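Report on the following structure.
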Amino acid sequence: METSKISKETFCKVIALIKEQEKINEEVDRALKKVCGSHVVFGANNRYLEGLLLLLKEALPDPCDYVGWWLYETDDYHVWSADYTQDWNLKDPGDLYDYIVNETSGLMTKASQ
7 METSKISKET
17 FCKVIALIKE
27 QEKINEEVDR
37 ALKKVCGSHV
47 VFGANNRYLE
57 GLLLLLKEAL
67 PDPCDYVGWW
77 LYETDDYHVW
87 SADYTQDWNL
97 KDPGDLYDYI
107 VNETSGLMTK
117 ASQ
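Counting along the sequence shown from 1, when you hit position 7 you're at 13 in the numbering used here, and nothing is skipped either side.
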């Protein structure tokens, strides 16, 4: 079983900084669209973010890409067990970290077999 190589505190800080930068990028994008028209996509192909997420994924094994889902695909933040008897509210990055560490660690072992 692989374990996390990043502390919960550092993980939460990284997630907070990513979200903060996204807000800044959105502000810059809106300003550029006012000046340049609607054909500007500021922040597309962001190599810094791509590299950071690659490092984060290696430091915290995340076989189902919950970090990507959490950052870009949801506003609900709930994950249900396969039989819908258990619900995890992952709105807080610390809860996301705990879920990945505690609930998905067996998936890494199965995937590597």
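Note that beta-carbon positions come from the ideal geometry of N, C-alpha and C, so glycine has one too.
As the structure is a computational prediction, the values presented were derived from the model and not from experiment.
{"Item": "Determine contact between the region 97-110 and the region 36-50, defined as no fewer than three beta-carbon pairs at a distance below 8 Å.", "Value": "no"}
{"Item": "On a CA-only basis, which of N31, A65, L102 is nearest T80? Give me that one, please.", "Value": "L102"}
{"Item": "Figure out for me which residue from E28, C18, D35 has the closest Cα to the Cα of V47.", "Value": "D35"}
{"Item": "Would you call L66 buried or exposed, if buried means 16 or more other Cβ atoms sit within 10 Å of its Cβ?", "Value": "buried"}
{"Item": "Which first and last residues belong to the beta strand (DSSP E) in which V85 is found?", "Value": "84-86"}
{"Item": "So Y105 and Y72 are supposed to be a Cβ contact under 8 Å. How far apart are they, rounded?", "Value": "7 Å"}
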